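Peer 1:
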Ligand code: PDD
């Protein structure tokens, strides 16, 4: 699922203490991100609204970034305020440069690798992490795509068993995204040992008899920031939610299937492996209720930012 459209050709990015045009940003070939995929990343939406631009569920994104770093033994180069300030700098630079309009939704991409060292698998001592931040315009799926839903294919999950780390080692996910692309599908939904895991870059949700189900949080999936959000939204909407293992047959017999990610928010899956989902292959009532609740959650965070509830954040990001 590629997310970023209408991106300026040469945005200003942050790389190791410097703001530079993307075309001039360079990392040495011995960077362990290049040589080993030894690094992590984070992708967080920044929504534009009347009062400016507000990052959505940002504290959760920063907490997951900190968790990913900790799990692979890289010292977090910034605290939460430092990350916020850094992203604000990149946003401001791109607004000043004309690459990002104030009324555009944006996506912040953050990557930290272990750094540059002579090639050798184990962690080298005394190196500085490589830090990269890029902010791009975000084009969310439109009303037509939501009304129509998306087609998905399925495949066996052959990735490693540390999928809870948001690692840049994404070859397994890349192959699954390519499988979807080759089959004219939006996403590949994966099964491990006959149980649902997730998409190549999204979490997957199943609706049966009005209740919502998702695979439990574990090392077999990346816990999306939307995972906790949607769990909260089910309470607001009075929808029963259960996190439990979901057999392949249950997915195929679902009334509705949904996918979620930072760049797609929430989308209905209306076809799986060429067959309609549910009785009519149309987006269902649970999708409609949760999508509306998602938009209300965005509006609430925007309003809070305008009213200064997250004032530290607002000043830094929107000033
Ligand atoms: N991917 N699972 C995987 C494997 C993902 O790559 C993603 C997101 C998710 C959903 O997480 P969240 O709700 O926090 O976006 C689940 C991002 C968008 C990406 O790689 O670009």
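Residue numbers (the working numbering): 83 to 401. Note that CB positions come from ideal geometry on N, CA and C, so glycine has one too. Since the structure is predicted, the reported quantities are computational estimates derived from the model, not experimental observations.
In the DSSP output, what is residue 325 paired with across the bridge?
Peer 2: Here residue 325 corresponds to residue number 243 of the chain shown, with the count starting at 1. Paired residues: 296.
Peer 1: Assuming the contact rule is C-beta atoms closer than 8 Å, residue 217 and residue 268 should be a hit. Round their C-beta distance to whole Å, please.
Peer 2: On the chain shown, residue 217 is found 135 positions in, with the first residue counted as 1. On the chain shown, residue 268 is found 186 positions in, with the first residue counted as 1. Not confirmed; about 25 Å, so no contact.
Peer 1: For residue 125, verify whether its CB is less than 8 Å away from any heavy atom of ligand 1.
Peer 2: Looking up residue 125 in the chain shown gives position 43. True, at least one ligand heavy atom lies under 8 Å from that Cβ.
Peer 1: Could you give the DSSP three-state label for residue 155: helix, strand or coil?
Peer 2: The residue labelled residue 155 in the question sits at position 73 within the chain shown. Residue state, collapsed to three classes: coil.
Peer 1: Tell whether a beta-carbon distance below 9 Å holds between residue 211 and residue 247.
Peer 2: In the chain shown, the residue the question calls residue 211 occupies position 129. In the chain shown, the residue the question calls residue 247 occupies position 165. Contact flag unset, no.
Peer 1: Quick one: measure Cβ to Cβ for residue 304 and residue 330, integer angstroms, because I've assumed they're closer than 8 Å.
Peer 2: For this step, residue 304 is matched to residue 222 along the chain shown. For this step, residue 330 is matched to residue 248 along the chain shown. Not quite, the Cβ-Cβ distance comes to about 20 Å (not below 8 Å), so this is no contact.
Peer 1: Which two residues bound the contiguous beta strand (DSSP E) that contains residue 285?
Peer 2: Here residue 285 refers to the residue found at position 203 of the chain shown. In the DSSP annotation of this structure, the continuous segment of the beta strand (DSSP E) that includes residue 285 starts and ends at 285 to 290.
Peer 1: Closer than 7 Å by C-beta to residue 319: which residues in its own chain qualify, once you throw out the five before and the five after it? Chain order, please.
Peer 2: Locating residue 319 in the chain shown gives position 237, counting from the first residue. The residues are 371, 372 and 375.
Peer 1: Return yes when the C-beta of residue 309 is under 8 Å from any heavy atom of ligand 1, and no when it is not.
Peer 2: For the purposes of this step, residue 309 is taken as residue 227 along the chain shown, with counting starting at 1. True, at least one ligand heavy atom lies under 8 Å from that Cβ.
Peer 1: Is it buried or exposed for residue 287, if we count other Cβ within 10 angstroms and need 16 for buried?
Peer 2: The residue given as residue 287 occupies position 205 in the chain shown. Residue 287 should be labelled buried.
Peer 1: Indicate the three-state DSSP secondary structure (helix, strand or coil) for residue 270 in the structure shown.
Peer 2: As a first step, residue 270 must be located in the chain shown, where it is residue number 188. In the structure shown, residue 270 sits in a strand (DSSP, three-state: E or B).
Peer 1: Nearest by alpha-carbon distance to residue 151: which of 368, 120 and 310 is it?
Peer 2: Position 69 of the chain shown, counted from the first residue, corresponds to residue 151. Checked all of 368, 120 and 310; the closest Cα to residue 151 is 120.
Peer 1: Could you tell me the boundaries of the alpha helix (DSSP H) in which residue 260 lies?
Peer 2: Position 178 of the chain shown, counted from the first residue, corresponds to residue 260. Annotation for residue 260: the continuous alpha helix (DSSP H) segment containing it runs 253 to 264.
Peer 1: Assuming residue 99 is part of the alpha helix (DSSP H), what are its boundary residues?
Peer 2: As a working note, residue 99 is residue 17 in the chain shown. Element bounds for residue 99: n/a, residue is neither H nor E.
Peer 1: Determine the direct distance from the alpha carbon of residue 293 to that of residue 321, and round the result to whole angstroms.
Peer 2: Here the question's residue 321 lines up with position 239 in the chain shown. Here the question's residue 293 lines up with position 211 in the chain shown. Computed Cα separation, rounded: 6 Å.
Peer 1: Helix, strand or coil, according to DSSP, for residue 86 in the structure here?
Peer 2: In the chain shown, residue 86 corresponds to position 4, counting from 1. In this prediction, residue 86 has a pLDDT of 44, which is less than 50 and means its spatial position is unreliable; what the coordinates show is noted afterwards. The answer is coil: DSSP assigns residue 86 none of H, G, I, E or B.
Peer 1: Is residue 234 near ligand 1, with its Cβ less than 8 Å from a heavy atom?
Peer 2: Your numbering for residue 234 matches position 152 in the chain shown. Result no, Cβ not under 8 Å from ligand 1.
Peer 1: If you scan the stretch 117 to 147 from start to end, which runs of the beta strand (DSSP E) of 3 or more residues do you find wholly inside it?
Peer 2: 121 to 131 and 134 to 137
Peer 1: Mind pulling the alpha helix (DSSP H) runs of 4 or more residues that sit fully within the stretch 186 to 241?
Peer 2: 225 to 230
Peer 1: Have a look at residue 245 and residue 326 and give me their C-alpha separation to the nearest angstrom.
Peer 2: Numbered from its first residue, the chain shown carries residue 245 at position 163. Numbered from its first residue, the chain shown carries residue 326 at position 244. Spanning the two alpha carbons is a distance of roughly 17 Å.
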